[in-house]
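At position 358 of the sequence shown the residue is numbered 360 (the numbering used here), and the sequence of numbers has no breaks.
Report on the following structure.
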Amino acid sequence: MAIIPEIFFSNTLGLLALASVIPLIILYLLRPRTIDLKVPSLLFFLEREHQRNKLSLLLRKLIRDPLFIIQLLVLILLSLCIAGPYIADELASGQYTVIVIDNSASMQAGGRLDKAKDLAVRNLSNVNSVVWAQNVPILAIHEVDISSTKKIIELTPQRAVASDLAAAITYGQRLVGPGGVVIVYSDFASWTGDDPQVAKTLAEYDGIEVKFIQVGEASENIGITNGWLDVKDGKNNLNLIIKNFNNRAEKVTLNIKTGGTSRGGSLSVPADQSAAYIVKNIANGITEVSIDNGGALAIDDTAYVSVLAGSGGRVLMVDMRDQNPTRTALDLLSVSVEYSSTLPSDLSPYGTIILGNVNNNTLGPGFSDSLSGFVDNGGVLIASANEGLTGLKGLLPISITGLSNETDLSLVSESALTKNLPLTDVEVVRHIKGSSVDGSIVLIEASDGSPMLSYVRQGEGKVVYLGLNDITGDNAWSGFNTLPEFPLFWKNMFDWVGGTNLDELNVKTGTMLRLPSKQVVINPDGTTITTTNLWIDQAGIYNIGGEMVASNLYNSKESNIGEISLDASSIGSKLIERPETLSSEGKKNISAYLIWVVLGLILLEIMIIQRRRELF
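See the structure below:
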């Protein structure tokens with residue numbers, strides 16, 4: 003190691019702050035200086051003073067103004083602090099520990115995770131890294147001191163996923179290097195991937211000591227281990243699998259909550275077996291199904307379900323024409339659609355209503371209130387642009403101001419609904435002019451700012467406005483219906499409103515959702531992130547740009563907290579000691595030392611000013 007360690011900077015752009023010394027130098031150069039004149043009557047006294055302070059005069063020649071030197075040093079040191087200076091600190095690998103904490107779903111049982119965190123803070127070295135063992139290992143913090151390590155260990159979150167312990171051990175092996183230590187804190191109840199014992203042996207052959215520390219004891223549990231939605235007779239039904247992991251039969255009570263309503267159910271589950279339960283007629287919105295007395299693991303006691311407005315109900319299209327391009331496109335889809343030239347008085351059997359070419363006579367008296375109530379109760383209204391929409395002004399996501407002619411289309415916001423739409427190929431010769439209403443989401447707009455595809459939420463449902471109607475002939479408004487993408491658009495429409503694909507709204511934890519654009523996501527625990535790739539690691543409801551996505555554990559291995567797959571106390575060590583000296587490079591931040599020097603210089607400056615009697 004060198005006598006004078008080499009200094010590095012973590013933020014080299016901070017060195018630009020050194021330019022602050024330039025104004026200081028300029029000010030001192032421009033400052034007027036005093037002129038010494040030899041006055042004969044005082045010459046005697048000055049010569050005596052000169053002889054008495056020869057050493058002082060010599061120093062003044064070398065340093066004309068010490069305040070300038072002090073202020074220059076202060077600016078330089080502060081600029082270096084901004085750049086984040088540190089020195090390379092060579093540490094023996096034996097002083098480096100990687101802490102692997104299993105924060106999978108089963109670790110939530112009986113305070114296992116809390117016990118692991120409590121033990122982990124007691125086994126730290128000079129330099130530590132922390133890895134969270136989940137589906138994939140997550141590096142929580144890298145090469146920090148004991149104090150910083152303790153803080154991140156305390157922040158280890160509970161997650162509703164399985165853990166790949168072997169991958170976490172291998173990752174820790176790469177971090178620490180030969181001669182280091184990897185300590186794994188887990189209940190060793192279950193895992194994904196390779197056997198952690200194999201990963202331990204391979205690391206020990208490489209000269210890395212791997213320790214298994216087991217937390218928690220076998221506990222009783224009853225949990226919801228699987229669930230899926232299906233549609234029957236236009237209704238959404240939830241199929242649940244409930245498993246009893248205990249050695250005795252159990253009676254399970256279910257609580258089913260949708261919005262402000264609730265209902266119950268019960269079933270008997272034999273010892274160490276599963277039983278099926280069907281929750282019929284799941285309403286639109288969010289539904290929670292929970293069981294009582296589930297045992298030590300609470301995360302598998304509740305199943306969350308998200309059903310978009312329009313899901314499960316019948317589809318009705320209202321249009322004065324017997325045949326139209328939209329009807330032709332819908333007939334190509336696996337969607338059962340009813341067609342009518344008038345709006346029925348009873349809209350309760352329907353989940354989605356499409357308004358094509360309509361007028362007041364087609365819709366009938368009081369149609370605005372009828373459709374508004376339909377949407378409030380969870381229905382989806384899709385309104386195509388035409389002059390008959392004037393009576394729906396208060397319901398649409400567009401405030402209509404008139405009609406306009408040719409326009410170009412532009413994409414405002416990406417979504418599954420706008421996927422693969424060739425907007426530059428769509429010729430628009432006529433459109434409704436207007437502006438978006440408060441709370442609406444505009445996906446496509448005209449060159450004059452008028453919404454061409456937008457939607458707004460109302461009550462439990464939503465209203466979609468499509469400014470590209472399918473009128474043909476000389477009165478055609480656009481050529482959208484002539485494109486080969488027109489039927490695909492309607493398929494995407496039904497998928498988007500939840501009519502044909504509920505799987506995208508109900509996912510298992512441990513999956514990755516790729517969003518069509520960067521969106522604000524509110525996690526089940528209330529935290530907020532902005533991302534295009536969402537890692538589902540919590541059970542509950544994710545709010546993704548206004549869309550509610552339900553996530554569930556549905557993992558029988560994680561729910562089986564009564565079985566311990568590996569007894570850590572029986573695992574021996576196959577560590578091969580390495581005779582050679584091994585080291586790893588750490589970082590020692592020296593900003594704090596520079597700050598103390600700056601404070602000392604400032605105190606020195608104050609003392610000099612006071613000595614000169616320049617302080618007020």
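No residue lacks a Cβ here, since even glycine has one placed at the ideal position from N, Cα and C.
Check: If we count Cβ pairs, one from each stretch, closer than 8 angstroms, do we get three or more for the region 268-281 versus the region 250-257?
Finding: As far as the Cβ criterion goes, the region 268-281 touches the region 250-257, which means the pair count is three or higher.
Checklist line | ILE258 in three-state terms, based on DSSP | finding: In this structure, ILE258 counts as strand in the three-state DSSP scheme.
Check: In whole angstroms, what separates the C-alpha of ASN422 from that of PHE488?
Finding: Rounded to whole angstroms, ASN422 and PHE488 show a C-alpha spacing of 10 angstroms.
Notebook entry, point to check: Is MET609 helix, strand or coil by DSSP?
Noted result: Assigned with DSSP and collapsed to three states, MET609 falls in helix.
Check: Is it right to say LEU64 is buried, meaning 16 or more other beta carbons lie within 10 angstroms of its own, or is it exposed?
Finding: With a pLDDT of 42 at LEU64, under the threshold of 50, the predicted position of this residue should be treated as unreliable, though the coordinate-derived value follows. Exposure of LEU64 is indicated by the presence of fewer than 16 other C-beta atoms within 10 angstroms of its C-beta.
Note to self: Tell me the rounded alpha-carbon separation between GLU582 and ILE210.
What the structure shows: Low confidence applies here, because GLU582 scores a pLDDT of 42, under 50, leaving its location unreliable; read the following figure in that light. Straight-line Cα distance between these residues: approximately 13 angstroms.
Note to self: Taking the beta carbon of LEU60 as the centre, do at least 16 other beta carbons fall within 10 Å, making it buried, or is it exposed?
What the structure shows: Here the model assigns LEU60 a pLDDT of 43, short of 50, so the residue's position is not dependable, and the following value carries that caveat. Around the CB of LEU60, fewer than 16 other CB atoms lie within 10 Å, so the residue is classed as exposed.
Check: Rounded to a whole number of angstroms, what is the C-alpha to C-alpha distance between SER593 and ASP527?
Finding: One C-alpha to the other measures close to 37 angstroms.
Notebook entry, point to check: Where do the ends of the beta strand (DSSP E) carrying ASN545 lie?
Noted result: First-last of the beta strand (DSSP E) with ASN545: 542-546.
Notebook entry, point to check: So, are the CB atoms of ILE563 and ALA162 less than 7 angstroms apart?
Noted result: Not closer than 7 angstroms, so no.
Check: With distances taken from CA atoms, which of LYS119, GLY225 and GLY381 is nearest ILE185?
Finding: Measuring from the Cα of ILE185, the nearest candidate turns out to be LYS119.
Check: For ASP476, which of ARG432, PHE491, GLN460 and VAL499 has the nearest alpha-carbon?
Finding: Nearest option by C-alpha distance: ARG432.
Note to self: According to DSSP, simplified to helix, strand and coil, what is MET550?
What the structure shows: Strand.
Notebook entry, point to check: Is it buried or exposed for SER412, if we count other Cβ within 10 angstroms and need 16 for buried?
Noted result: Per the 10 Å Cβ criterion, exposed.
Item checked: Neighbour-count burial assignment, VAL599, 16 or more Cβ in a 10 Å radius -> By the 10 Å Cβ count, VAL599 comes out exposed.
Margin query: Using CA atoms only, rank isn't needed, just tell me which of THR263, ALA107 and ALA122 is closest to THR227.
Written below: The shortest Cα separation from THR227 among THR263, ALA107 and ALA122 belongs to ALA107.
Margin query: If you reduce the DSSP assignment to three classes, tell me which class MET109 lands in.
Written below: It is helical.
Note to self: So, for GLY436: in the same chain, excluding its five sequence neighbours on each side, which residues have a beta-carbon less than 6 angstroms away from its beta-carbon?
What the structure shows: Counting only Cβ-Cβ distances below 6 angstroms, and skipping sequence neighbours, we find ILE400, SER401, ILE402, THR403 and SER452.
Checklist line | Inter-stretch contact at 8 angstroms, needing at least 3 Cβ pairs: the region 376-394 / the region 348-356 | finding: Contact holds between the region 376-394 and the region 348-356, because three or more Cβ pairs, one in each stretch, are under 8 angstroms apart.
Checklist line | N-terminal and C-terminal residue of the alpha helix (DSSP H) that SER401 is part of | finding: First-last for SER401: 400-406, but that is the beta strand (DSSP E), not the alpha helix (DSSP H).
Check: GLU389: which of GLY469, VAL523, ALA285 and SER553 sits nearest, CA to CA?
Finding: In terms of Cα proximity to GLU389, the closest of GLY469, VAL523, ALA285 and SER553 is GLY469.
Item checked: Burial state of ILE473 (16 or more Cβ within 10 Å) -> By the Cβ neighbour-count rule, ILE473 is buried, with 16 or more other Cβ atoms within 10 Å of its own.
Margin query: Looking at the secondary structure, which residues open and close the beta strand (DSSP E) in which ARG459 lies?
Written below: Counting along the chain, ARG459 sits inside the beta strand (DSSP E) bounded by residues 453-460.
Notebook entry, point to check: Looking only at its own chain, which residues have a Cβ that is under 6 angstroms from the Cβ of ASN591, when we skip the five neighbours before and after it?
Noted result: TYR88.
Note to self: According to DSSP, is GLY16 part of a helix, a strand, or is it coil?
What the structure shows: Note: GLY16 maps to helix in three-state DSSP.
Next item on the list: Below 6 angstroms CB to CB, which residues in the same chain sit around GLY297 once its five sequence neighbours on both sides are set aside?
Entry: Here GLY297 has GLU222, ASN223 and ILE224 as same chain residues with Cβ atoms under 6 angstroms from its own Cβ, once five neighbours each way along the sequence are excluded.
Notebook entry, point to check: Among all the DSSP beta bridges, which residues are the ones paired with HIS144?
Noted result: The secondary-structure analysis by DSSP pairs HIS144 with nothing; it has no beta-bridge partner.
Check: To which residues does DSSP link LEU240 through a beta bridge?
Finding: DSSP output for LEU240 lists LEU231 and VAL281 as bridge partner(s).
Next item on the list: Compare the C-alpha of ILE293 against each of ILE243, ILE154 and VAL309 and name the closest.
Entry: Ranking ILE243, ILE154 and VAL309 by Cα distance to ILE293 puts ILE243 first.
Margin query: Within the continuous beta strand (DSSP E) that includes TYR341, where are the two ends?
Written below: Under the DSSP assignment, TYR341 falls in the beta strand (DSSP E) whose first and last residues are 339-342.
Next item on the list: Quick one: grab the DSSP three-state call for THR409.
Entry: Residue state, collapsed to three classes: strand.
Checklist line | Given LEU299 as reference, the closest of ASN246, PRO346, TYR341 and GLN325 once Cα atoms are compared | finding: When the alpha-carbon of LEU299 is set against those of ASN246, PRO346, TYR341 and GLN325, the nearest one is in ASN246.
Check: If you drop the 5 nearest sequence neighbours on each side, which residues of the same chain put their C-beta closer than 6 angstroms to that of PHE369?
Finding: So the qualifying residues of the chain are LEU345.
Item checked: Alpha-carbon spacing of ALA135 relative to VAL76, whole angstroms -> Computed Cα separation, rounded: 46 angstroms.
Margin query: Between the alpha carbons of ALA478 and ASN359, how many angstroms are there, rounded?
Written below: If you take the alpha carbons of ALA478 and ASN359, they lie about 12 angstroms apart.
Margin query: Could you give the first and the last residue of the continuous alpha helix (DSSP H) run that contains ALA205?
Written below: Here the alpha helix (DSSP H) through ALA205 covers 198-207.
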